[in-house]
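Top to bottom, those sequences are chains A and B.
Residues in the first sequence are numbered from 1191 upward in steps of one, following our numbering.
Residues in the second sequence are numbered from 366 upward in steps of one, following our numbering.
Ideal Cβ placement from N, Cα and C applies to all residues, glycine included.
Please read these numbers as outputs of a predicted model, since none were measured by experiment.
Data first, discussion second: the structure below is written as structure tokens.
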Amino acid sequence: MKETNEFQHIGKETPYLAPAGFFETFPEKTLQKAINREQHRRKNSIRRLILSAAACLAFLLYLGIHFIQDSAPYSAPSLADNEALPAGKSTIVENHEPIKHMTDVRTKSAQSAKLEGKNLASKDKTEELNDVLSDLNDEELQLIAALYKTDPFINESLQ
Amino acid sequence: MTGTDDASIVAMLKDPAQKDKGFILLMNLYKEPIYWHIRRLVVSHEDAEDILQETFIKVYRHSGSFRGDSKIFTWLYRISTNECSYHLKKRKNVIKRTGQINGEVSGELSGNDMENSKEILVKFQLAIQELPRKQKIVFNLRYYDELSYEEISKVMGSSISSLKTNYHLASEKIKKYLIDHV
């Protein structure tokens, strides 16, 4: 302790003072604050746990929905389906464009046929039917004609 | 700072049924030396009170993980010194930003606390406040708290030779300050 005596003329006193009663009230005040902080910390950790569990659940649900949506519109043909077909006729189609086009035409013609049926039921609406038919192109008209020939409900001669 | 008291306090802190009682005992035993250690470093009473409270709250929270490898007062000094270091760094940044140079410290020292104090004590404290952070902490722990270099090494995590150098540099700077200002 020799080196700490080099300021002997100053001593160990300091010019600082603590407010009266500070040390008496300090332990109780600090204990209360420590208990409150601990309770708050526990509550927060429970809240964090619940939130993270909810976030995980939401994420899993999202993943589930996402995968269901992805797989629902497209069902890949199984190997068994391909084997059941005659050789060279596979259900796996490389180019989807023609199918899409055909579907569109069929949908249009089916709609117009429906419309046509409704219009036939009412003689007053003959003009409307003519208007609809005039809107259709040749290809669509041919399809309707083909349907008319093969459909036993429309073509009376087939009944 | 008796070893047996420390052992029983640590045992109480680890027992949930006696934790609060042990905590009060610990505070009654160490609140004053730790308060004065903090006060000498940060000067303001309000800051010292906040840091002292924070120190004991940390002890309360982590008392279960205290392994007893070191003495409990070394642990308390380490926590409070770290808190002071953090506070001093923050204050240094504020002073840098606002351009104040020790005015805050001088103001504290020449306030009401100073009415009955000798001028030399104020000069001595101003000289200590002029020191770099590490030298200030080493000087205070050695000069006022009379800790050995081994104990200071545990508190600060520095080597003994570096602490001795820091103490020597600090005392030289203080002597020079006193010659220039008294």
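Closest option to B/Asp-545, judged by alpha-carbon separation, among B/Asp-380, B/Asp-370 and B/Leu-491: B/Leu-491. The Cβ-Cβ distance between B/His-452 and B/Ile-416 falls below 8 angstroms. DSSP places A/His-1199 outside both helix and strand once states are collapsed to three, so it counts as coil. For the 8 angstroms CB-CB criterion, B/Phe-388 and B/Tyr-425 form a contact. Inter-segment contact for the stretch 400–414 of chain B and the stretch 504–512 of chain B is present: three or more beta-carbon pairs are separated by less than 8 angstroms. Close to chain A, meaning a Cβ-Cβ distance shorter than 8 angstroms, are the following residues of the stretch 367–386 of chain B: Asp-385. Along the stretch 1194–1209 of chain A, the positions whose C-beta sits under 9 angstroms from a C-beta of chain B are Thr-1194, Glu-1196, Phe-1197, His-1199, Ile-1200, Gly-1201, Lys-1202, Glu-1203, Thr-1204, Pro-1205, Tyr-1206, Leu-1207, Ala-1208 and Pro-1209, read in chain order. For B/Ser-518, the enclosing alpha helix (DSSP H) begins and ends at 514–521.
The beta carbon of A/Leu-1221 falls within 8 angstroms of a beta carbon belonging to chain B, placing the residue at that interface. Chain B places no beta carbon closer than 8 angstroms to that of A/Arg-1238, leaving this residue out of the contacts. Residues of chain B with a Cβ closer than 8 angstroms to the Cβ of A/Glu-1228 are, in chain order, Tyr-425 and Arg-426. With a contact defined as Cβ atoms closer than 8 angstroms, B/Val-547 and B/Lys-454 miss out at about 30 angstroms. Counting C-beta atoms within 10 angstroms of its own C-beta, B/Asp-412 has 16 or more neighbours from the protein chains shown and is therefore classed as buried. In the three-state DSSP reduction, B/Gly-387 falls in the helix class (H, G or I). Judged by DSSP in its simplified three-state form, B/Val-487 adopts helix.
Rounded to the nearest whole angstrom, the CA to CA distance from A/Ile-1255 to A/Arg-1238 is 25 angstroms.
Nearest to B/Asn-505 by C-alpha distance, out of B/Tyr-532, B/Arg-456 and B/Glu-414, is B/Tyr-532. Taking a Cβ-Cβ cut-off of 8 angstroms, the neighbours of A/Ala-1224 in chain B comprise Phe-388, Phe-421, Ile-422, Tyr-425 and Arg-426, given in sequence order. For A/Glu-1317, the enclosing alpha helix (DSSP H) has its first and last residue at 1316–1325. Membership of A/Lys-1233 in the alpha helix (DSSP H) is indicated by the continuous run 1212–1261.
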